[in-house]
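Engineer:
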Amino acid sequence: MKDVPEESNARECNTRERSANAVEEPLAERIDGRIYIMRKPKRWHQRIVRILKEMIEEYRKKNPGLCEVRTAPFGLTLAGGGTTYLIPDLCVILDRGKLTDHGCNGAPEIVIEVVAPESQYMDYRIKLTRYRNAGVKEYWIVDRDWDHGYVYYFDDGDMDLASFSGALGSRVCRGLVFDFSRLKHQK
Numbered sequence: 000m001k002d003v004p005e006e007s008n009a010r011e012c013n014t015r016e017r018s019a020n021a022v023e024e025p026l027a028e029r030i031d032g033r034i035y036i037m038r039k040p041k042r043w044h045q046r047i048v049r050i051l052k053e054m055i056e057e058y059r060k061k062n063p064g065l066c067e068v069r070t071a072p073f074g075l076t077l078a079g080g081g082t083t084y085l086i087p088d089l090c091v092i093l094d095r096g097k098l099t100d101h102g103c104n105g106a107p108e109i110v111i112e113v114v115a116p117e118s119q120y121m122d123y124r125i126k127l128t129r130y131r132n133a134g135v136k137e138y139w140i141v142d143r144d145w146d147h148g149y150v151y152y153f154d155d156g157d158m159d160l161a162s163f164s165g166a167l168g169s170r171v172c173r174g175l176v177f178d179f180s181r182l183k184h185q186k
């Protein structure tokens, strides 16, 4: 039998005390060693992420085994010595060798961010640059305030956009189409 020390740093607490003191651990991203605390997503944001994931899952049913889809709080450790750790809303990974129990080591093929008013600068500027430099093939930005979806095809240097009444297709996952009209009333 293993010897157990008599004293411990842990202490017992009752259910009421646990509930009163329970605080969710905040999600945080790290860029060049600097920590950015993320805000909890609002309901509309979660609905849009769910609908986008449903579209990817429909594609996966038609193409079994081709890719993995992950949603936040699934994290990415990007190239550069582990100094950049991002948590995208959604990502599509074709190379399962990048997957770990804790996230993805390296760039997924597709990253999708749903823009919130407080994340515009981060999504449109900081993350766009990080994802491009890390080797992400496609970066999708869904902006409900502008009722548009944008896709940056980094391999080709192209960018395309569609209103929430249109659709855009992936070049990495042929046949994967995002029908933005399904997002039209998610305000």
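With numbering that gives the first Met the number 0 applied, the sequence shown covers 0 to 186.
Where a beta carbon is used, it is the ideal one built from N, C-alpha and C, also for glycine.
Beta strand (DSSP E) containing ARG131: first to last residue?
Structural biologist: Counting along the chain, ARG131 falls outside any beta strand (DSSP E), though it belongs to the alpha helix (DSSP H) covering 126-133.
Engineer: Runs of 4 residues minimum, wholly inside the segment 20-88: which ones carry the alpha helix (DSSP H) assignment?
Structural biologist: The segment 20-88 contains these whole alpha helix (DSSP H) runs: 42-61.
Engineer: If you compare alpha carbons, which of LEU98, ALA106, TYR149 is closest to TYR123?
Structural biologist: It is TYR149 whose Cα lies nearest to the Cα of TYR123.
Engineer: When burial is assigned at 16 or more other CB atoms within 10 Å of the CB, is LYS41 buried or exposed?
Structural biologist: Label assigned to LYS41: exposed.
Engineer: Compute the beta-carbon to beta-carbon distance between ILE188 and TRP145, rounded to the nearest angstrom, for a pair I have assumed lies under 8 Å.
Structural biologist: Because the chain is modelled from 0 through 186, residue 188 falls outside the range shown and cannot be assessed.
Engineer: Can you tell me which of the three DSSP states ASP159 falls into?
Structural biologist: Three-state result, ASP159: strand.
Engineer: Since I believe ILE50 is in contact with ARG181 (beta carbons under 8 Å), could you give me their beta-carbon distance rounded to a whole number of angstroms?
Structural biologist: Right, their Cβ atoms sit about 5 Å apart.
Engineer: Determine the direct distance from the alpha carbon of ASP31 to that of ILE125, and round the result to whole angstroms.
Structural biologist: Rounded to the nearest angstrom, the two C-alpha atoms are 11 Å apart.
Engineer: Please work out which residues of its chain come closer than 7 Å, Cβ to Cβ, to ASN104, disregarding the five sequence neighbours upstream and downstream, and give them in chain order.
Structural biologist: Within the same chain, ASN104 has close Cβ partners THR76, LYS97.
Engineer: Secondary structure at ASP122, three-state DSSP: helix, strand or coil?
Structural biologist: Correct three-state label for ASP122: helix.
Engineer: Answer yes or no: do THR99 and ASP88 have a C-beta to C-beta separation smaller than 8 Å?
Structural biologist: No, the Cβ-Cβ distance between THR99 and ASP88 is not below 8 Å.
Engineer: For VAL48, which residues of its own chain have a beta-carbon under 7 Å away from its beta-carbon, when the five flanking residues on both sides are left out?
Structural biologist: Correct list, in chain order: THR70, ASP88, LEU89, VAL113.
Engineer: Is it buried or exposed for GLU137, if we count other Cβ within 10 angstroms and need 16 for buried?
Structural biologist: That one is buried.
Engineer: Does DSSP put GLY96 in a helix, in a strand, or in coil?
Structural biologist: If DSSP states are grouped into helix, strand and coil, GLY96 belongs with the helices.
Engineer: Taking the CB atoms as reference points, tell me whether LEU175 and GLY165 lie closer together than 8 Å.
Structural biologist: Not in contact: LEU175 and GLY165 (Cβ atoms no closer than 8 Å).
Engineer: Expressed to the nearest angstrom, what Euclidean distance is found between the alpha-carbon atoms of GLY156 and SER162?
Structural biologist: Cα-Cα distance, rounded: 21 Å.
Engineer: Following the continuous beta strand (DSSP E) through ALA106, name the residue where it begins and the one where it ends.
Structural biologist: Taken as a continuous stretch (DSSP letters only), ALA106 belongs to no beta strand (DSSP E), as it is neither H nor E.
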